[in-house]
Structures are given as structure tokens and as C-alpha cells.
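K.L.:
The numbering used here applies: residue 57 is where the sequence shown begins, and numbers increase by one. Shown below is the structure under consideration.
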Amino acid sequence: MMYHLATLIAFALPGLDQQPSDWPPLSQAPWLSTSLAEFWSKRWHQSFRRSFVQLGGKPLRFLFGRIGGIIGVFLLSGILHDWCIWGMGRGTDFPEIGGFFLLNGVGVILEQVWEQATGRKVEGWLGWLWTMCWMTSTGNLLVDALLRRGLAGGVLVPATMRPGKVLLQVVSKCIR
Numbered sequence: 057m058m059y060h061l062a063t064l065i066a067f068a069l070p071g072l073d074q075q076p077s078d079w080p081p082l083s084q085a086p087w088l089s090t091s092l093a094e095f096w097s098k099r100w101h102q103s104f105r106r107s108f109v110q111l112g113g114k115p116l117r118f119l120f121g122r123i124g125g126i127i128g129v130f131l132l133s134g135i136l137h138d139w140c141i142w143g144m145g146r147g148t149d150f151p152e153i154g155g156f157f158l159l160n161g162v163g164v165i166l167e168q169v170w171e172q173a174t175g176r177k178v179e180g181w182l183g184w185l186w187t188m189c190w191m192t193s194t195g196n197l198l199v200d201a202l203l204r205r206g207l208a209g210g211v212l213v214p215a216t217m218r219p220g221k222v223l224l225q226v227v228s229k230c231i232r
């Protein structure tokens, strides 16, 4: 609601010279995403997109190329979300909160690898299935951490039964 109110004020006040591109819709039916790249770049809220790209993506892209830029965007998003939990006064949980975002960066990179290997984009109903499976298997990392750190109490699903936690461990071992 506050975003929509700020949008109206920005357009109504003379001298602010705001353009519609300065105030994109927050979300565009994220459940229709047929790739992780589409989900994060167009369909999920775009409130901090410019900041994430400028402050996280561009510096790491300069240092490490395209993959570095993707990881930089998701790393900064993970840090921001972790700080939000810290701001609630209940500590932080970067391994799970940051892990969720970093795994989504890995998923976007995997989509690019797929496209380079096959010449075909991730899309259609198989892309939708991939996106929903990836988001639900990694999403429990973020949701569980948010719930344990202030939005609710208790562990919803044991750690051994969380696919995102298992995936994070596999990726961590591969990186080492």
C-alpha cells in the first residue's frame, strides 16, 4: 500500500519529474514464471532491483564476469534480508537466509548453462515446473529462518527433511 501511495505522490507532485519506469509494478503474477531468471528479473517485486544491480551485481561482474554479477545481486539481497532479521532483535541467520538467495543465483546460472549447452531457453511448462520445484525446495530455507527469527516460533520441518538445506550442503561441498 505504501508503495502505491508513494507512486501516486511521485506522479502528482510537480517538479519530481517521475517516469513510469521509475515505479514498476511490485510483482507481476510470480506464480506464472517459467524460469528463475524471469521470476527474479520481472515477476517478483522490483523494489531494490536497481540497488542490487548497482551495488552487488556490477562490482562483482567487473571482478568475476557475468557469473560474479549474478552472485553479487543475490548476495546483496541475502545480506539485506538477513539485516532485516537482525533489526528485529533476534540475531541473524545468514547461512539459511543468504543461502536461499545464493542458491537462487546458482539456479539462474544453471539456466544460462542449459541455454548455452542446448541453445534453448528455460521456458514453457517444463520451465514452470523447474521454477516451482527450485523455489519450493530452496524456499523453506528462507521461510524457516524468518519464522524462527521473529515471524513465528519453532521449527516447521526437521533439518534432515528440508530439500533446500540438503541442496545447500551439496553445493557447499562442490565449492570446497
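Backbone N, C-alpha and C fix where the C-beta goes; we use that ideal spot for every residue, glycine too.
To the nearest angstrom, report how far apart E167 and A68 are at their CA atoms.
P.N.:
For the purposes of this step, residue 167 is taken as the residue at position 111 of the sequence shown. For the purposes of this step, residue 68 is taken as the residue at position 12 of the sequence shown. C-alpha separation (whole angstroms): 41 Å.
K.L.:
Determine the DSSP secondary structure at F120, reduced to helix, strand or coil.
P.N.:
Start at 1 with the first residue of the sequence shown, and residue 120 comes out as number 64. Helix.
K.L.:
What is the C-beta distance between E152 and A201, in whole angstroms, given that I count them as a contact (C-beta under 8 Å)?
P.N.:
Stepping through the sequence shown from its first residue, residue 152 is reached at position 96. Stepping through the sequence shown from its first residue, residue 201 is reached at position 145. Yes, E152 and A201 are in contact; Cβ-Cβ is about 4 Å, under 8 Å.
K.L.:
If you reduce the DSSP assignment to three classes, tell me which class W100 lands in.
P.N.:
In the sequence shown, the residue the question calls residue 100 occupies position 44. Reduced to three states, the DSSP call for W100 is coil.
K.L.:
Are T90 and W184 touching if we call contact CB-CB under 8 Å?
P.N.:
Sequence index remark: in the sequence shown, residue 90 carries index 34 (1-based). Sequence index remark: in the sequence shown, residue 184 carries index 128 (1-based). In contact: T90 and W184 (Cβ atoms closer than 8 Å).
K.L.:
Quick one, are the C-beta atoms of L159 and L82 less than 8 Å apart?
P.N.:
As a working note, residue 159 is residue 103 in the sequence shown. As a working note, residue 82 is residue 26 in the sequence shown. Contact: no.
K.L.:
Note down the Cα distance separating G175 from I126, rounded to an integer number of angstroms.
P.N.:
The residue labelled residue 175 in the question sits at position 119 within the sequence shown. The residue labelled residue 126 in the question sits at position 70 within the sequence shown. Whole-angstrom Cα-Cα distance: 20 Å.
K.L.:
Is the beta carbon of G163 less than 8 Å from the beta carbon of G195?
P.N.:
Position 107 of the sequence shown holds residue 163. Position 139 of the sequence shown holds residue 195. No; because the gap between Cβ atoms is not below 8 Å, this pair is not in contact.
K.L.:
Skipping 5 residues on each side, what residues in its chain have a beta carbon closer than 7 Å to that of G112?
P.N.:
As a position in the sequence shown, residue 112 is number 56, starting the count at 1. Excluding residues within five positions, the ones whose Cβ falls inside 7 Å are G128, V129, L131 and L132.
K.L.:
What is the DSSP secondary structure of P86, counted as helix, strand or coil?
P.N.:
To locate residue 86, count along the sequence shown from 1; it is residue 30. DSSP places P86 in helix when its eight states are reduced to three.
K.L.:
So S107 is in the alpha helix (DSSP H); what residue range does that whole segment cover?
P.N.:
On the sequence shown, residue 107 is found 51 positions in, with the first residue counted as 1. Where S107 is concerned, the enclosing alpha helix (DSSP H) stretches over R105 to F108.
K.L.:
When the Cα atoms are used, what is the spatial distance from G310 to A173?
P.N.:
In the structure displayed, the chain extends from 57 to 232; residue 310 sits before or after that span and is not available.
K.L.:
Determine the extent of the alpha helix (DSSP H) in which G175 is found, giving its start and end residues.
P.N.:
Taking the sequence shown and counting its residues from 1, one reaches residue 175 at position 119. Per DSSP, G175 lies in no alpha helix (DSSP H) and is assigned neither H nor E.
K.L.:
In whole angstroms, give me the CA-to-CA distance for L207 and F156.
P.N.:
Stepping through the sequence shown from its first residue, residue 207 is reached at position 151. Stepping through the sequence shown from its first residue, residue 156 is reached at position 100. Computed Cα separation, rounded: 17 Å.
K.L.:
For a quick check, are the C-beta atoms of K98 and Q75 less than 8 Å apart?
P.N.:
Counted from its first residue, the sequence shown places residue 98 at position 42. Counted from its first residue, the sequence shown places residue 75 at position 19. Taking 8 Å as the Cβ cut-off, K98 and Q75 do not qualify as a contacting pair.
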